[in-house]
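S.K.: Sequence order for the protein chains is B and W. With our numbering applied, the first sequence covers 6 to 414. With our numbering applied, the second sequence covers 34 to 279. Below you will find the structure I want to go over with you.
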Amino acid sequence: MKGSFIARNPSILVFLLCLAAFTLVITLMSHAMGTGLVSTSFVKTLGKTLCLCLVAIAMDLVWGYCGILSLGHFAFFGLGGYMIGMWLMYARTELIVAESLSNAAIPPTDQEVVDAIGTQIFGVVGSSDFPAIWAFAHSLPLQLALVVLVPGLLALVFGWLAFRSRVTGVYLSILTQAMTLALSLYLFQNESGLRGNNGLSGLQNLPGVSASQDWVSLWFLWGSALALGLGYVVCAMVVSGKFGSVIRGIRDDEARVRFLGYSVEGYKLFIFTFTAIIAAIAGALYYPQAGIINPGEVAPIASIYLAVWVAIGGRGRLYGAVIGAALVSLVSTWFTGGMVPSVPLGFYAIDWVDWWLVLLGLSFVLVTLFAPKGIGGLFDLVTARVVPDRHGADYGPDKGSLREEEGRK
Amino acid sequence: MSALLEVAGISVTFDGYKAIRNLSFEIGECELRAIIGPNGAGKTTFMDIVTGKTKPDEGRVIWGEMSRNLLKMNEARIAQAGLGRKFQRPTVFEDQSVFDNLLMALKNPRSAFACLFYRPTGADRDRVEELAAEVGLKEELQRTSGELSHGQKQWLEIGMLLAQEPRLMLVDEPAAGMTLAEREHTTDLLVNLAKTRAVVVVEHDMEFVRRLNCRVTVLHEGSVLAEGSLDHVTRDPRVIEVYLGR
């Protein structure tokens, strides 16, 4: 317990150095630097991967540390994306409209400009009026505030209702799935005011920026790396102190934590909302790189993938979540991008675009059964961390508690 | 002697089975009390009610000189009010070090924000070491508590209970699974603790209760059968019939 925060958690320094080195190498290899060893679209893929690592950290905090298996955190990720997407779309359309109207004989009134923007954005869903939720879309600072506020408030209200009623375990997971499904179905409607199943598009074009995508992709890579680094340090601080002790206690035996005088509901609500906000920030950085967001992004399966990444990476350790998210999403890009040669069996050819999900599912099951510590557990071989023999007993009576194999000495 | 905890006329039914029926009794400040009774007498249910885990169908549970109604408070608030509980099976946070376990139990602000920005002060560290020494775990502070022996976990839990500085300790079968020497040590500790706070020991080992040398309440089928010194209650023909006679 002595020494500075970094000295007590050397993995933070290692992580930050790796992240900085990675960012530097990719920057030097990018088109913007003139070397062009890495394509701009791949720089975007890597930038997006960093955002996925950030949301995986959030998932690790809520599941790996606090034991709440939330299968709805991608809803917050998507909402963050929608919030920033609204400004990007509005501001860029405004510029286009202003340009086309500048040639008119009579200068357009403000109302005419707004109407023209509305027609441009909502024409695709047969409307031209701005719904009330677009009230702040003209302002970047306000819309940035909404990136945090909207998902944060949703998490706060949802969490308050769920935790106050002491919904735990698999029932809570089902509730969070229902939440993300409901959100997805709502957004699919044209009346939702967010362009229904078309979603928001053209988000890769930053309004008022004339730089090429080579540079924009690089900026977002830097932004994502910075957010991931900051998020990692903040989360490490949250889980390292007494707060971390309490939430790990909640994961293993929440009744005992109650009898110590801690309000378990308050802690769960805090961690749920906090991680929802991290997820939203990750989403706000992700979707400008993806260029498009639609309701399919917040479908229930996305949140389940998130849990799979954390499980494969190793829950209860932040770098595990990062490794899991980075590895699985990059390998997934590789397999589904048709870059892997199919395996001819004579009577049938295994095409990886179709079979990748089977492979992922299989590896998830295998990791859960035979290597519960995930990939992060490999580091224990280096640091010679040995698990005490508990004769098969979990670390606590609760469903989310650490299994014997996940423990540490 | 003014009552610290007053239980008046509580009843609770689980699926038609009356676990507690019209149970009433009082515990004074700095009193050592043993509660005995056969299985199913309602000992654990009584502890669950007092600590807020179970809500009774009727009755009152009144706490302290402010006469606060414990039934209106949740588990965490009751614990903060000064009621500590030790479970029969040792329940410590096995994934965490002895130091962290004790630090978590230490009497400090309990809110999420207070904990988030909490850094242990020198006084807190000293207190943790003092507590660890008191329960004989000074050498084990940095060990993961999951590695400790059964007896050591029991001690750690008692240490955590002490760290909470409760005014009333509810101790569920403290001697279960202990060796004879450990039992004697436990008896001394409990008697000592009762000098500065109230201690309620739930136990069914008569020898252990005799060594505590305190007032005894006998529960049977959810209500008080007899109360008084151990010799007094063991002479009671009803007690002999339902408990000792078997």
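Here a beta-carbon is modelled for each residue, glycine too, at the ideal position from N, C-alpha and C.
(1) Answer yes or no: does any C-beta atom of chain W fall closer than 8 Å to that of B/K414?
(2) Figure out for me which residue from W/A36, W/C63, W/Y50 has the closest Cα to the Cα of W/C247.
(3) Which residues of chain W have a Cβ atom closer than 9 Å to the Cβ of B/S407, listed in chain order?
(4) Label B/H78 either buried or exposed according to how many other C-beta atoms from any shown protein chain fall within 10 Å of its C-beta, with 16 as the threshold for buried.
(5) Is it buried or exposed, W/K88, if we count other Cβ atoms within 10 angstroms and call 16 or more buried?
(6) For B/S229, which residues of its own chain have a beta-carbon under 7 Å away from its beta-carbon, when the five flanking residues on both sides are left out?
(7) Ends of the beta strand (DSSP E) at W/F58?
(8) My guess is that W/M202 and W/G117 are in contact by the Cβ rule of under 8 Å, so how many angstroms apart are they, rounded?
(9) Please tell me whether W/S35 has its Cβ less than 8 Å away from any Cβ of chain B.
(10) Tell me, please, which residues DSSP counts as bridged to W/A112.
(11) Going straight from the alpha carbon of B/E410 to that of B/Y324, what length do you get?
(12) Using a 10 Å radius around the Cβ and a threshold of 16 neighbouring Cβ atoms, would you call B/C240 buried or exposed?
(13) Taking only beta-carbon atoms, is W/A112 less than 8 Å away from chain B?
(14) Taking a Cβ distance cut-off of 8 Å, strictly less, list which residues of the stretch 371-392 of chain B are near chain W, in chain order.
(15) So, B/M88 versus B/V152, is the Cβ gap smaller than 8 Å?
(16) Quick one: what does DSSP say B/D219 is sitting in, helix, strand or coil?
(17) Just checking, does the stretch 198-211 of chain B make contact with the stretch 93-104 of chain B on the three C-beta pairs under 8 Å criterion?
(18) How would you list, in chain order, the residues of chain B whose beta-carbon sits under 8 Å from the beta-carbon of W/L252?
(19) Around the C-beta of B/M6, are 16 or more other C-beta atoms found within 10 angstroms, so that it is buried, or is it exposed?
(20) Quick one: complete alpha helix (DSSP H) runs, 4+ long, within the stretch 165-231 of chain W?
(21) At a Cβ cut of 9 Å, what residues of the stretch 256-268 of chain B count as close to chain W, listed as they run along the chain?
(22) For a cutoff of 8 Å on Cβ pairs, would you count W/E108 as touching chain B?
(23) Just checking: is the beta-carbon of B/K404 within a distance shorter than 8 Å of some beta-carbon in chain W?
(24) Considering just the uninterrupted stretch of the alpha helix (DSSP H) at W/H265, what are its terminal residues?
(25) Counting C-beta neighbours from all protein chains within 10 Å, is the total for B/M184 16 or more, i.e. buried, or is it exposed?
(26) How far does the alpha helix (DSSP H) with B/V313 in it reach, from first residue to last?
(27) Counting only Cβ pairs nearer than 8 Å, list the residues of chain B close to W/G155.
(28) In whole angstroms, what is the alpha-carbon distance linking B/Y176 and W/E206?
(29) Between which two residues does the beta strand (DSSP E) holding W/F47 run?
(30) Which term fits B/L76, buried or exposed, when burial requires 16 or more other beta carbons within 10 angstroms of its beta carbon?
(31) Just the Cα atoms here: how many angstroms apart are W/R93 and W/V224?
M.R.: This is what the structure holds:
(1) The predicted model places B/K414 with a pLDDT of 45, which falls under 50 and marks its position as unreliable; any figure quoted below should be read in that light. Residue-level contact check: B/K414 touches chain W, since one or more beta carbons of chain W fall below 8 Å from its beta carbon.
(2) Cα-wise, what sits closest to W/C247 is W/C63.
(3) Checking the displayed sequence, the identity of residue 407 of chain B turns out to be Leu instead of Ser. Listed along chain W, the residues sitting closer than 9 Å to B/L407 by beta-carbon distance are E127, D128.
(4) The Cβ neighbour count for B/H78, taken over all protein chains shown within 10 Å, is at least 16; the residue is labelled buried.
(5) Burial state of W/K88 is exposed, judged by a 10 Å Cβ sphere holding fewer than 16 other Cβ atoms.
(6) Close CB contacts of B/S229 within its chain, under the 7 Å cut and outside five residues either way in sequence, are with G52, L55, C56, L290 (chain order).
(7) Note, W/F58: beta strand (DSSP E), 50-61.
(8) 5 Å between Cβ atoms; contact.
(9) For W/S35, no Cβ of chain B is located within less than 8 Å of the residue's own Cβ.
(10) Beta-bridge annotation (DSSP): W/A112 is not paired with any residue.
(11) Counting only the Cα atoms, B/Y324 lies some 18 Å from B/E410.
(12) By the neighbour-count definition (other C-beta atoms within 10 Å, threshold 16), B/C240 is a buried residue.
(13) Yes, contact with chain B.
(14) From the stretch 371-392 of chain B, no residue has a Cβ closer than 8 Å to chain W.
(15) Contact: yes.
(16) Here B/D219 sits in helix by DSSP.
(17) Yes: at least three Cβ pairs fall under 8 Å.
(18) Within chain B, not a single residue places a beta-carbon under 8 Å from that of W/L252; the smallest gap is close to 22 Å.
(19) Note on B/M6: pLDDT 46, under 50, position unreliable in the model; no value is reported.
(20) You should have 183-196, 213-226.
(21) Correct list: R256, D257, D258, A260, R261, V262, R263, F264, L265, G266, Y267, S268.
(22) Chain B contact via Cβ: present.
(23) Output row for B/K404: interface = no.
(24) Its alpha helix (DSSP H) spans residues 263-268.
(25) With 16 or more other Cβ atoms within 10 Å, it is buried.
(26) If you look at B/V313, you'll find it in the alpha helix (DSSP H) that goes 305-318.
(27) Near W/G155 there are no residues of chain B at all, since even the closest Cβ is about 12 Å away, more than 8 Å.
(28) Taking the straight line joining both Cα atoms gives about 34 Å.
(29) Note, W/F47: beta strand (DSSP E), 36-47.
(30) Its Cβ being crowded by 16 or more others within 10 Å, B/L76 is buried.
(31) Straight across, the Cα-Cα distance linking W/R93 with W/V224 is about 29 Å.
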